[in-house]
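One point on numbering: in numbering that gives the first Met the number 0, the residue at position 148 of the sequence shown is 147, and numbering is uninterrupted. Where is the CB? At the ideal position from N, CA and C, for every residue including glycine.
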Amino acid sequence: MGRYTAVHANPQGVGDARPTALQIIQDEGLEGKLVGKVIVLTGATSGIGLETARALSATGATLLLTARDRKKAEESLAGILEPGRISLIDMDNASFASVRAAAQQILTQSHGKINILIANAGVMGVPSLTLTEDGHETHFAVNHLSHFLLFSLLKPALLSASTPALNSRVVLVASSAHRAATLPASDDYSFQKTPYNHQAAYAASKLANIYMANALDRRHGARGLHATSLHPGGILTNISRHAEPGFIEAITNMPRLIPLFKSAEQGAATTVVAAVGREWEGRGGRYLEDCEEAPRGANDGDVFGVGYAGVTYDEGAEERLWRDSVGFVGVGGEV
């Protein structure tokens, strides 16, 4: 049983006793303790990304926060932006060129040393098949491929910053939606051979986040670079902006889901545990939820189910996705 197991046993809805991201920082005794460490966070403008940034700012770490809309980011992050310590990086996850430009700026500002990379930015519910400028289905490109490319470009800095006392970490924000996912065929990630379905596209992209973390940890864990993935919980944020009319109302009124919903502050807690929690020092390759490693769940295929599913760990599929992703983003050599 973990520190937060009991408070998650009987959830009472938004604002209940389940911890917030800032509470995790306080419980870990990390206020002001990460001065000089560098954390990169994507999608910090709203929702759980914004709350993750606010909590991590209390550690004293240097934060490099990516945002697609700088004006919106400056407004939402006005209370924590701090010249020289907490700054914005322009990045559009729908563009490989933008990711590459952002990575170069991050490497320059971090002086080639990054301790933590948190892949949080995402999109959900794009109603019709839409391809990015690079030719990939939007959910797959924004949620997975952009983060795979960003990691590939920042990997040397993550490895360079790792020490025996403090291994570097990569955290990928996934979703329980992956429980109903199937990894597409290597030639059909963008629904060119099968009918497009936005729920299937989103679920597959979240499964890809988990598979990336599993494969990354297997490849680089022995070198002091670890990765985890997580489900933040049910949080109604701006990621639902593309949802069809009535979807939000429907799920928010489902009796079994009402107690499970979290505030954005609570939703960011598991991300913070994965990023800085002591229990994840020197280990990874696991899927987390409710601030701890997820147990084996029941009802595979239930997107609102708890625990990991049969599809969550699959070394063969993870390796296939990794190879395919290397080709898609155009990075050479061993990633």
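Asked, Found
"L116 vs A316 beta-carbon contact at 7 Å", "no"
"Range covered by the beta strand (DSSP E) that runs through R168", "167-172"
"Environment of S161 [buried if 16+ CB atoms lie within 10 Å]", "buried"
"A297 burial status per 10 Å Cβ neighbour count (16 or more: buried)", "exposed"
"Element boundaries [alpha helix (DSSP H), containing V341]", "Only positions 0 to 334 of the chain appear in the structure, and residue 341 is not among them; the question remains open."
"Where A164 falls, given that 16 or more other Cβ within 10 Å makes a residue buried", "exposed"
"Beta-carbon separation (whole angstroms), H225 vs G283, contact threshold 8 Å", "3 Å"
"Start and end residues, alpha helix (DSSP H) containing Y210", "197-219"
"Test item: CB-CB of G42 and N119 under 7 Å", "yes"
"Identity of the residues DSSP links to R295 by a beta bridge", "Y307"
"A160, DSSP secondary structure in three states", "helix"
"Cβ-based burial, M211 [other Cβ within 10 Å; buried from 16]", "buried"
"Coil, strand or helix - S145 by DSSP", "helix"
"Nonlocal neighbours in the same chain, by C-beta distance under 6 Å from S324, ignoring five residues either side", "F147"
"C-alpha distance - L307 paired with K70, whole-angstrom precision", "Here residue 307 turns out to be Tyr, not Leu, going by the sequence shown. Going from the Cα of Y307 to the Cα of K70 covers about 38 Å."
"Under the three-state DSSP convention, the category L64 falls into", "strand"
"Rounded straight-line distance, which links the Cα of T227 to that of R168", "8 Å"
"CB contact flag (H230, S175, <7 Å)", "yes"
"Contacts around A57, its chain only, beta-carbon distance under 6 Å, and the 5 residues preceding and following it disregarded", "I24, E30"
"The alpha helix (DSSP H) enclosing T324, as first and last residue numbers", "Reading off the sequence shown, one finds Ser at residue 324, where the question assumed Thr. Here the alpha helix (DSSP H) through S324 covers 314-328."
"Which of helix, strand or coil DSSP assigns to D89", "strand"
"Proximity to F327 [Cα-Cα], best of E50, Y312, F95, M90", "F95"
"Proximal residues to P10 (C-beta, below 6 Å), its chain only, five neighbours per side dropped", "P258, L259"
"C-alpha distance - N166 paired with P194, whole-angstrom precision", "43 Å"
"Residues near S75 in its chain [Cβ-Cβ closer than 8 Å; skip 5 each side]", "T44, S45, L49"
"Exposed unless 16 or more other CB atoms sit within 10 angstroms - verdict on T4", "exposed"
"Of the listed residues T311, G12, T51, I38, nearest to A202 (C-alpha basis)", "T311"
"Beta-carbon proximity list for Y286, same chain, < 6 Å, skipping 5 on both sides", "I209, S228, A293, Y307, T311"
"Residue burial classification, S204 (beta-carbon count within 10 angstroms, cutoff 16)", "buried"
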